[in-house]
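Encoded as structure tokens, the structure appears first; notes follow it.
Number of protein chains: 2
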Amino acid sequence: MSDPNQNPQTDVNQLGEFGLIDHLTQPFALTQPSSLRGVGDDAAVIDNQGFLTVLSTDMLVEEIHFDRIYHPLRYLGYKAVIVNVSDICAMNAIPKQITVSIALSNRYGVEDLDELYAGIALACEHYRIDLVGGDTTSSNRGLIISITAVGQGEPDRITYRSGAKPGDLLCVSGDLGAAYVGLQLLEREKQVFISTPNVQPDFEGQDYIIGRQLKPEARLDVVELFHKSNLKPTAMIDISDGLASEIFHICKQSGTGAFIEEAKVPINQQTELMAIKFGLDPITCALSGGEDYELLFTIDPADLEKARYLPDLFIIGEITPAADGIKLHTSGGNIYPLQAQGWKHF
Amino acid sequence: MSDPNQNPQTDVNQLGEFGLIDHLTQPFALTQPSSLRGVGDDAAVIDNQGFLTVLSTDMLVEEIHFDRIYHPLRYLGYKAVIVNVSDICAMNAIPKQITVSIALSNRYGVEDLDELYAGIALACEHYRIDLVGGDTTSSNRGLIISITAVGQGEPDRITYRSGAKPGDLLCVSGDLGAAYVGLQLLEREKQVFISTPNVQPDFEGQDYIIGRQLKPEARLDVVELFHKSNLKPTAMIDISDGLASEIFHICKQSGTGAFIEEAKVPINQQTELMAIKFGLDPITCALSGGEDYELLFTIDPADLEKARYLPDLFIIGEITPAADGIKLHTSGGNIYPLQAQGWKHF
Chain Z
273 MSDPNQNPQT DVNQLGEFGL IDHLTQPFAL TQPSSLRGVG DDAAVIDNQG
323 FLTVLSTDML VEEIHFDRIY HPLRYLGYKA VIVNVSDICA MNAIPKQITV
373 SIALSNRYGV EDLDELYAGI ALACEHYRID LVGGDTTSSN RGLIISITAV
423 GQGEPDRITY RSGAKPGDLL CVSGDLGAAY VGLQLLEREK QVFISTPNVQ
473 PDFEGQDYII GRQLKPEARL DVVELFHKSN LKPTAMIDIS DGLASEIFHI
523 CKQSGTGAFI EEAKVPINQQ TELMAIKFGL DPITCALSGG EDYELLFTID
573 PADLEKARYL PDLFIIGEIT PAADGIKLHT SGGNIYPLQA QGWKHF
Chain X
273 MSDPNQNPQT DVNQLGEFGL IDHLTQPFAL TQPSSLRGVG DDAAVIDNQG
323 FLTVLSTDML VEEIHFDRIY HPLRYLGYKA VIVNVSDICA MNAIPKQITV
373 SIALSNRYGV EDLDELYAGI ALACEHYRID LVGGDTTSSN RGLIISITAV
423 GQGEPDRITY RSGAKPGDLL CVSGDLGAAY VGLQLLEREK QVFISTPNVQ
473 PDFEGQDYII GRQLKPEARL DVVELFHKSN LKPTAMIDIS DGLASEIFHI
523 CKQSGTGAFI EEAKVPINQQ TELMAIKFGL DPITCALSGG EDYELLFTID
573 PADLEKARYL PDLFIIGEIT PAADGIKLHT SGGNIYPLQA QGWKHF
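Sequence order for the protein chains is Z and X. Position one of the first sequence corresponds to residue 273 (my numbering), numbered consecutively onward. Position one of the second sequence corresponds to residue 273 (my numbering), numbered consecutively onward.
Put into structure tokens, the structure is as follows:
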């Protein structure tokens, strides 16, 4: 952990607005054949011949979505890209370009921005995405990052939230709740750090849950395997607000009900142990904790054979008729209505 | 003028995040054939068969780009869309879709957002654009609006900043400096209003310059006439930072010089009179004032005949070889190097 106000910084005014844009975007080369023109004109130009364009946008606000005390700027830049890439993946499409707009207060210097953009560059490289535009301006408080991602999808592959039907299997691509428990741990250690700044927290053995919070990944690998195995989910959404909330979105838009089996919801052991330490129910963390960025999708049972190449596939329940409602089958054998409690940013 | 803190407001928490999104976006129907799916999934889906996708993004930050005391939210919503539409027009493309992300402090209530979105809706209707996505979140200070616009362009019509060549005519689509002088007037009246809040300012006779600042338009009409008359500018940019700054962009990216004739730069009479009242040189306002959102473009002199249908076409100078530099020919017969002083947001 570190106090972000302690580093001497180069004033962004030294570069000027256009100088700053050049400085930040110069390391980003265009590598996607569809990126005809990137930063440096009034707009980016994208050649999408025959594909559908998929478009998603997210805004991250300091003090609301991230805390500089435990969120290094490089990780933050990476995560800001991932959040958007994950939305494109949830459409069963391939992310291709992003625009990055930032507003920053005078607390931020050129070195800070270099760190932020190093993280953005790392995510772009890892997910083979071109940075093609953006806006930089000042704010009177903190840092605001607004990213828009563009993806390409074949018309018959694009997957909406609305295609699930009774009998479909409800699946997730990985374990849940870790990012939420990781955040609780970071928040606790922040309080310790504030009272005794010389003591650095020891996260040994907690690297998994910390990593899930600070450096999440989007499941582009899963989308690519869907394409390779010619498996098209009937509905899909990414888990940014929490499993329960996302199930409600799919059921609402598909006009269905669903049940999930508590015992089938994948939870990492570190998540489970730390949740219990915090006096939290692990299944509640998995259902209502956000920011795991796994994919939640439904598949026709006839397609199950095609799913065998997926590295991580957890069948956690089933889609039911709308009249059956949305239910949780507990490990103890009880059936409860599921509560949709996602992240609240207001 | 009004004090934005005086209105009783409905708390946005009453609606919840998804309820708020539904409430704000429900009036927006999709009307563009290319908008396959809008708000309500992980991403919007756009069908761009055969066209190029053009993508632009801008962020407006309270206290930096707008002042609630004289910027009604309805106008602000309109202007936030225009700023982006203007960038798409500057590519010689047709705006089709936008995403709107907002972060807002708890000073803002549902009625405020309704006003903002009413302005956004008006701009969407006027420019035939679909709102297809966005993000809403909270901020600890003020309102931040980040809009991304998507346009369509035929591959052989897209116009970059980089295509100007010596001998091309340098043209603007309308008069300049009004938005800047309008801002000076609003700032002066704000000071009067702060000291004597009961006295409402009288803007009679100043409606043009006030309107240019508060409710600018993008020159989509000019772009449509380019297409109709089969005239393709060799280079184009929109005037958001000021004429001089934009000329520098075109010259830098085209590898040319340019000269402009002071006497040919169109300045509205209201702008001229108010500039003089403020002790400002009208030509300086036109050269360095921003936010006029007119188009600056270069055309091959052989195409001049095709330009006769344009409603507003002012030939203000010419593109020259790079070695000649970027010059201002004054009305008095002098030649000076042009100074690039655009808006500075840092």
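By construction, the Cβ of each residue, glycine as well, lies at the ideal position given by its N, Cα and C atoms. Note that the coordinates shown come from a computational prediction; the quantities given were computed from them, not determined experimentally.
- Task: Drop a sphere of 10 angstroms on the beta-carbon of Val471/Z, count the other beta-carbons inside from all chains shown, and report buried for 16 or more, exposed for fewer.
- Result: exposed
- Query: According to DSSP, what are the bridge partners of Met508/X?
  - Reply: Phe569/X
- Item | Span separating the alpha-carbon of His295/Z from that of Glu563/X | 25 angstroms
- Under the three-state reduction of DSSP, which class applies to His295/X: helix, strand or coil? helix
- Message: Looking at chain Z, is there any beta carbon in it that lies within less than 9 angstroms of the beta carbon of Glu566/X?
- Response: no
- What number of angstroms, rounded off, separates the C-alpha of Ile466/X from the C-alpha of Gln456/X? 15 angstroms
- Message: Just to confirm, is the Cβ distance from Val422/X to Ile392/X under 9 angstroms?
- Response: no
- Query: Where in the region 411-494 of chain X do unbroken runs of the alpha helix (DSSP H), each at least 4 residues long, occur, reported from the N-terminal end onward?
  - Reply: 450-467, 479-486
- Item | Alpha-carbon spacing of Glu387/X relative to Gln485/X, whole angstroms | 18 angstroms
- Item | Rounded C-alpha distance that separates Ala450/Z from Asn540/Z | 7 angstroms
- Run through DSSP, which three-state label would Arg346/Z get? helix
- Message: Which residues in chain X have a C-beta closer than 8 angstroms to the C-beta of Ala315/Z? List them in chain order.
- Response: Val326, Leu327, Ser328, Asp359, Ile360, Ala362, Met363, Ala365, Ala421, Gly423
- Task: Anything in chain X within Cβ reach of Asp319/Z, meaning under 7 angstroms, just list it in chain order.
- Result: Leu324
- Task: Would you grab the beta carbon distance between Asn320/X and Thr325/Z for me? Rounded to a whole angstrom, and I think it's under 8 angstroms.
- Result: 5 angstroms
- Query: Between which two residues does the alpha helix (DSSP H) harbouring Lys524/X extend?
  - Reply: 515-526
- Relative to the C-alpha of Gly381/Z, which residue among Leu515/Z, Gly439/Z, Glu289/Z is closest? Glu289/Z
- Reducing DSSP to helix, strand and coil, say where His601/X ends up. strand
- Query: Got a sec, what are the start and stop residues for the alpha helix (DSSP H) Asp386/Z sits in?
  - Reply: 382-398
- Query: Among residues of its own chain, excluding the 5 on either side of Leu568/Z, which ones have a beta-carbon nearer than 6 angstroms to its beta-carbon?
  - Reply: Val444, Ile509, Ile511, Glu518
- Query: What's the C-alpha gap between Pro438/X and Leu327/X?
  - Reply: 29 angstroms
- Query: If you draw a straight line from the C-alpha of Gln463/X to the C-alpha of Phe550/X, how long is it?
  - Reply: 15 angstroms
- Task: Spell out a yes or no on whether the region 491-501 of chain X and the region 589-607 of chain X are touching, meaning 3 or more CB-CB pairs, one atom from each, closer than 8 angstroms.
- Result: no
- Task: Determine the extent of the beta strand (DSSP E) in which Glu563/X is found, giving its start and end residues.
- Result: Premise fails: Glu563/X is in no beta strand (DSSP E) and is neither H nor E.
- Message: Can you list, in chain order, the residues of its chain with a C-beta nearer than 6 angstroms to that of Ser603/X? Leave out the 5 residues immediately preceding and following it.
- Response: Glu534, Ala535
- Return the residue from the list Ile336/Z, Ala390/Z, Asp407/Z that minimises the CA-CA distance to Asn412/X. Ile336/Z
- Taking Cβ-Cβ distances shorter than 8 angstroms, what residues in chain Z pair up with Ala375/X? Met331, Val333, Ile336, Ile416
- Query: Is there a Cβ from chain Z that is less than 9 angstroms from the Cβ of Thr282/X?
  - Reply: no
- Straight-line Cα distance separating Phe300/X from Tyr480/X: 30 angstroms
- the region 304-315 of chain Z contacting the region 418-435 of chain X, beta-carbon criterion three pairs below 8 angstroms: yes
- Item | Nearest neighbour of Ala507/X, chosen from Leu576/X, Gly561/X, His521/X, Asp407/X [CA to CA] | His521/X
- Query: Taking 9 angstroms as the CB-CB cut-off, is Leu308/X touching chain Z?
  - Reply: yes
- Which ranges would you report for the alpha helix (DSSP H) in the region 309-370 of chain X if only whole runs of at least 4 residues count? 345-361
- For Asn356/Z, does the count of other Cβ atoms within 10 angstroms reach 16, so buried, or fall short, so exposed? buried
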